[in-house]
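Undergrad: Using this note's numbering, read the sequence shown as starting at 196 and increasing by one per residue.
Every residue gets a Cβ at the ideal spot worked out from N, C-alpha and C, and that includes glycine.
None of these values were measured; they are calculated from a predicted model.
Right, I'll just put the structure down here and ask away after.
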Amino acid sequence: MMLTWLLRWEEQKVSICLQRLVRMLRLVVFVVVCVAASAASLQAQSLMLNDLVVDNTNGTMTLHYGLVVEDLPAIKEALKDGLHLQFVGHVALYRQRSFWWDAFLVEKDFVCDLWEDILKQEVIMTIAGQEIRFPTKDFASVFQKRLDHLVVPLGPWSMVERGTHYIITLSLTINRVDVPAWIRLPLFFWSWDVVPETSFEMEFAY
Numbered sequence: 196m197m198l199t200w201l202l203r204w205e206e207q208k209v210s211i212c213l214q215r216l217v218r219m220l221r222l223v224v225f226v227v228v229c230v231a232a233s234a235a236s237l238q239a240q241s242l243m244l245n246d247l248v249v250d251n252t253n254g255t256m257t258l259h260y261g262l263v264v265e266d267l268p269a270i271k272e273a274l275k276d277g278l279h280l281q282f283v284g285h286v287a288l289y290r291q292r293s294f295w296w297d298a299f300l301v302e303k304d305f306v307c308d309l310w311e312d313i314l315k316q317e318v319i320m321t322i323a324g325q326e327i328r329f330p331t332k333d334f335a336s337v338f339q340k341r342l343d344h345l346v347v348p349l350g351p352w353s354m355v356e357r358g359t360h361y362i363i364t365l366s367l368t369i370n371r372v373d374v375p376a377w378i379r380l381p382l383f384f385w386s387w388d389v390v391p392e393t394s395f396e397m398e399f400a401y
C-alpha cells in the first residue's frame, strides 16, 4: 500500500510540474509573439537622403548630410509604448583603386539614443553624452530638425591627395536596444530594426 501511495504521489508531482512548464512555455511564446508584432508594426519605415556633401572645414574633412524619416509619428508612438530606440550612423572613407580592393582610410560612428520619460511625457535624446529633453508631443518636429543637417568630422584634410578618387559610404538605421537576449535567440531570423539599414555611397575626386 505504501509503495502504491508513493508512486501515485510521485505521478501527481510530475503532472503538476508538467502543467507549470506548459504554462510557462505558453507565457514565453505569448511574450515573444507580442514583441515580434510590435517590431513588425514599425518595419515599413524608411530613411531618405536629402543631401550628401564633403568639404574642408578649417583643415578637417567633414561630411554633411540631411535625412527625412518617412513616418516619424509611428516612431513617436513606439517611444510612447516604452521602446528604447537607437539611431546609428556609420561613415567610411576609401581611396579608390583600379586593380585592387579600395584602400580603407578612416571610419566614424554616430549614435543617438531615444526613449521617453513616461512620467514627465518627455523624449530623452542623448548624443555624444549630451542629453536633450523635449515634450513628446514635439518629437516629430524636433527630431526631424536634428536630422536636417548632420555633420561628421572624418579627419585631417591632408589625408587626401590631389587627382585621386575617393569613395564615402554611409549606413544608417534605427533599431531597438531593449529586446532581451532570451527573445532575440528564438527569433534570430527576425530583424529588430525599426528602420531597416539604409546605405548610400558617393564618389568624389580632389
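#1: Secondary structure at Q281, three-state DSSP: helix, strand or coil?
#2: Mapping the DSSP letters down to three states, classify D266 as helix, strand or coil.
#3: D250 bridges to which residues according to DSSP?
#4: Would you mind sorting W310 into buried or exposed? The rule is 16 or more other CB atoms within 10 Å of its CB.
#5: Do Q291 and E396 have their beta-carbon atoms positioned less than 8 Å apart in this structure?
#6: Which complete alpha helix (DSSP H) runs does the segment 333-380 hold, if anything under 4 residues is left out?
#7: May I have the straight-line CA-CA distance separating P391 from S241, to the nearest angstrom?
#8: With C-beta atoms as the reference, is H279 less than 8 Å away from V355?
#9: In whole angstroms, give me the CA-to-CA distance for D343 and S353.
#10: Helix or strand or just coil, what does DSSP make of A323?
#11: Any C-beta of chain D sitting closer than 8 Å to the C-beta of F282?
#12: Using 8 Å for Cβ pairs, my map puts L365 next to S394. What's the rounded Cβ distance?
#13: For I363 versus V283, is the C-beta spacing smaller than 8 Å?
#14: Whether or not the segment 251-271 and the segment 293-300 are in contact is what I'm after, with contact meaning three or more pairs of Cβ atoms, one per stretch, closer than 8 Å; do they touch?
#15: Is it true that the CB of F329 sits closer than 8 Å to the CB of L274?
#16: So W296 is in the beta strand (DSSP E); what residue range does that whole segment cover?
#17: Whose C-alpha, out of K340, P351, K315, A400, is nearest the C-alpha of N245?
#18: Do P289 and R357 have their CB atoms nearer than 8 Å?
#19: Just verifying my parser: in three-state terms, what is the DSSP assignment at L314?
#20: In whole angstroms, what is the alpha-carbon distance linking V286 and D304?
#21: Rounded to a whole number of angstroms, what is the C-alpha to C-alpha distance between V264 and M243?
TA: In this structure, then:
#1: strand
#2: coil
#3: T257
#4: buried
#5: no
#6: 334-343, 376-379
#7: 7 Å
#8: no
#9: 28 Å
#10: coil
#11: Given the protein chain composition of this structure (a single chain), no chain D is represented.
#12: 7 Å
#13: no
#14: no
#15: no
#16: Counting along the chain, W296 falls outside any beta strand (DSSP E), and DSSP gives it neither H nor E.
#17: K340
#18: The question names Pro, yet the displayed sequence has Tyr at residue 289. No, the pair does not count as a contact, with Cβ atoms beyond the cut-off.
#19: coil
#20: 6 Å
#21: 6 Å
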